[in-house]
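Report on the structure given below.
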Amino acid sequence: MRTALLFLLRQKRAISLVQQFSSRSPALSQNLNVGRGQRSITTSKRHLSLEAGSDLIYKSQFPDVTFPDVSLAEYIFSCFNKFSNKIAIKDFSTGASYTYTELKDRCIKVASCLTRLGYKKGDVVAYYGVNNPEFAMLFLGCAAAGIILTTANPAYTPGELARHLEHSGSAALVTVAPLLNNVKEALKTTNIKNVFVVGNSDCYHPFSMLTEDDGKAFPEHVQISPREDLLVLPYSSGTTGLPKGVMLTHYNIVCNLCQLRPSVVTVPEDNNLAVLPFFHIYGMVPILLGTLQDGATIITLPRFEPDMFLTSLQKEKITNLYIVPPIILFMAKHPVVQKFDLSSLQFAISAAAPLGDNLTHEFMDRLKIPLAQGYGLTETSPVTHVDQREVTVGTIGPMIPNTSAKIVDVESGKALPVRKEGEIWIKGPQIMKGYFKNEKATYDMITSDGWLKTGDIGYAREDGRHVITDRLKELIKYKGLQVAPAELENLLLKHPAVQDVAVIGMPDDEAGELPRAYIVTKPNAKVSAEEIMKYVEENVAAYKKLRGGVEFIPEIPKTASGKILRRVLKDRLISSQL
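Quick note: the sequence shown uses full-length UniProt numbering, first residue 1, plus one each step.
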């Protein structure tokens, strides 16, 4: 009964959305098809829309949406008021849950306590921890007070944490008990006045100090300029250098949430799993805030552990999955997945890292649900593309409303037509304000007329979707010819003995770089480097061969969001050559 009701409610909202769009854009049809394994809204034949008078500038096919010029707290609390007694967030590990009314109440108390302690608009508070309901309370409490939240990767070493705290100018820190040893070491070189701990601690304030405040110091008259004032300061992944602080305003995030609504159909009956970290922009905005703005329930997990992950899917009857390729790989291939009842799952979206076509089909064949791809960057708040209406394997879907793109030749800087590969540039209200304390990096990233250079190589299709082929800085140059690591990785993942793979360029005096593969084999699989090299040679152009060799390793190093840490592999290569 619940599943049938969920379908009807989702269908009602989806039809409403299509009718809304159709009344404003006759190009959209009302052919709706929603159900298990068929959760999509099909549209009539669409083609890429060129902006009037533009020089190959492509515009979203969705009608523009209007954005409220308000702070995030004002926006999200107005959403909370519609779902007062419904469960907003639940921690799977502890079972603690909070209704929308209870969550809002605790956010207000957090803002009040921080204000009482002397923190004010423009101050920075850091979070160094795992997913839990307390993060939502902290984030939205800070937002209500005009305080900027910065998020630190819980995998950081004490030295990395210290640098983050110092660079961001953090005045307070919220963490979790298991990370206290790192915190104590990091604080030896920083000037943090107050530390709040989720869990047990003998030497710092309990997080409950914030949520048990009487709320009387809540700064209800704080003046927030949504377009200018920073909301959050996440740091880029730093795969090619030190992480950079990304300045995102209240307006950036509110706009991106509004942009998501026409594409990502969420209803209050949904249960969404938050296994991807909140410190990352994907976890923070589309997963956490995207769920809460539509009255659904979000279930938090502290980390990805196979048994806990699968148990949570089954027990909490999760309907929507926001995941990354490493988790997709696990779900598509690991035998333990078949032991769990995952029949509640309706839809999955992958983002944050490239996803191969073969793996996409394996996942959908096994789980019997659509797997769409989304795209964006921390610097774009984060979403620019998402494909939920029609799952088109191999693409990142159409642009979301109020977003434009162009494909630029990396050598000449000229805009390119359909099917021609170049760097993807994006423009929209979700573009960051800039990099924190780094004007040069901002200048290099954003053009004078507002185009953000993504660093991703791809092309536009006639149907309005984009295809990512590689990262600009990751392209391997073999004798002047460009070799895309992602292309070789997708090919190698189709080999029956390969579980995971990463390809990098090995420096070579004569050729410039030679493609080299690092491979994780499947359990009990036996394959030689020579066999792998021959397999590649038989399937690619000669200049793409693995002339740099093959090395078998236990695990491919990746960021928390699933991006391959190629610099770690390059460091490994350099060390082996010394």
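We treat Cβ as the ideally placed atom computed from N, Cα and C, and that holds for glycine. Here the structure is a predicted model, which means the values were calculated and not measured.
According to DSSP, residue i sits in a beta bridge with which residue or residues?
i, result
"M284", "None; M284 has no bridge partner."
"D91", "T300"
"N81", "DSSP lists no partner for N81."
"G169", "None, per the DSSP bridge assignment."
"S213", "A quick correction: the sequence has Asp, not Ser, at residue 213. None; D213 has no bridge partner."
"A460", "H466"
"A405", "Y58 and I426"
"P243", "None; P243 has no bridge partner."
"M399", "H385"
To the nearest angstrom, how far is the alpha carbon of residue i from that of residue j?
i, j, result
"L230", "K563", "27 Å"
"I407", "D55", "11 Å"
"G455", "V275", "27 Å"
"F347", "Y75", "27 Å"
"F552", "L301", "32 Å"
"K104", "K477", "53 Å"
"A155", "F62", "39 Å"
"K453", "P429", "15 Å"
"G397", "Y204", "46 Å"
"V501", "P158", "30 Å"
"L345", "T297", "14 Å"
"N252", "E228", "10 Å"
"G146", "V383", "24 Å"
"D571", "T559", "16 Å"
"L546", "K473", "19 Å"
"residue 637", "V393", "Nothing about residue 637 can be reported from this structure: the residues present for the chain run from 1 to 578 only."
"A162", "P133", "25 Å"
"N200", "P178", "9 Å"
"A172", "E379", "24 Å"
"E555", "P277", "20 Å"
"T395", "G374", "9 Å"
"I15", "K121", "The predicted model places I15 with a pLDDT of 35, which falls under 50 and marks its position as unreliable, so this point remains unresolved."
"S78", "F67", "14 Å"
"V536", "D444", "36 Å"
"S225", "S170", "21 Å"
"I446", "I431", "9 Å"
"residue 640", "P485", "Given that the chain is displayed from residue 1 to residue 578, the structure contains no residue 640 and the question cannot be resolved."
"I41", "I369", "Legend: pLDDT at I41 = 31, less than 50; position of this residue unreliable, value from coordinates given subsequently. Approximately 14 Å, taken between the alpha carbons."
"N131", "I281", "13 Å"
"G512", "T360", "33 Å"
"L573", "T521", "19 Å"
"S528", "V550", "9 Å"
"G295", "E185", "40 Å"
"Y98", "L288", "14 Å"
"S561", "S404", "25 Å"
"Y119", "G548", "54 Å"
"S576", "I532", "21 Å"
As a quick exercise: from the options, pick the residue whose alpha carbon is nearest that of residue i.
i, options, result
"L569", "P523, M506 and R547", "M506"
"I457", "E362, K120 and D409", "D409"
"R465", "G428, F77, V418 and Y435", "V418"
"P268", "I87, K544 and D509", "I87"
"D341", "H361, I318 and F330", "I318"
"N194", "G450, A143, E487 and V124", "V124"
"P286", "A162, C255, L367 and I369", "C255"
"C142", "A111, N132, A136 and Y128", "A111"
"K526", "A497, I468 and G549", "A497"
"residue 619", "L488, I192, L260 and Q577", "Coverage of the chain is limited to positions 1 through 578, which leaves residue 619 absent and any answer about it impossible."
"F330", "F309, Q314, S343 and K315", "F309"
"S236", "A441, S404 and I108", "A441"
"F207", "L292, G129, A529 and H221", "G129"
"H221", "A144, I148 and V174", "A144"
"Y127", "F139, Y119 and G245", "F139"
"S448", "L260, K427 and I57", "K427"
"C257", "P234, V70, V467 and F363", "Contrary to the premise, residue 257 reads as Leu rather than Cys in this sequence. Minimum Cα distance to L257 is reached at V70."
"Q293", "A136, V176, P557 and E538", "A136"
"P234", "N153, D202 and L210", "N153"
"Y459", "E423, L475 and L481", "E423"
"L117", "Q314, V197, A542 and M209", "M209"
"I468", "K420, L180, I532 and N181", "K420"
"E510", "L149, N539 and K479", "K479"
"L492", "L514, L377 and E538", "E538"
Should residue i be flagged as near chain C, meaning a C-beta pair shorter than 8 Å?
i, result
"E212", "The structure shown contains no chain C; it is built from a single protein chain."
Worksheet item: Do the segment 266 to 283 and the segment 312 to 323 meet, that is, are 3 or more Cβ pairs less than 8 Å apart?
Response: Yes, they touch.
Discussion item. With a threshold of 8 Å, are at least 3 pairs of Cβ atoms found where one atom belongs to the segment 324 to 333 and the other to the segment 351 to 358?
Written reply: Contact between the segment 324 to 333 and the segment 351 to 358 is present, because at least three Cβ pairs lie under 8 Å.
Worksheet item: Where are the alpha helix (DSSP H) runs, 4 residues long or more, that stay fully inside the UniProt domain "AMP-binding enzyme C-terminal" (487 to 563), in chain order?
Response: Fully enclosed alpha helix (DSSP H) runs of 4 or longer: 529 to 537.
Fill in: Any 3 or more C-beta pairs closer than 8 Å across the segment 210 to 219 and the segment 176 to 195
These segments do not touch.
Worksheet item: Could you give the uninterrupted runs of the alpha helix (DSSP H) lying entirely in the segment 286 to 374, keeping only those of 4 residues or more?
Response: If only uninterrupted alpha helix (DSSP H) runs of at least 4 residues are considered, those enclosed by the segment 286 to 374 are 306 to 315, 325 to 333 and 357 to 367.
Discussion item. To test your reading of the DSSP string, which unbroken beta strand (DSSP E) runs of 3 or more residues are found completely within the segment 139 to 207?
Written reply: Counting whole runs of 3 or more residues, the segment 139 to 207 contains the beta strand (DSSP E) stretches 148 to 152, 172 to 176 and 194 to 198.
Fill in: Those runs of the beta strand (DSSP E) which lie wholly inside the segment 107 to 132 and span at least 3 residues
Here the runs fully enclosed are 124 to 128.
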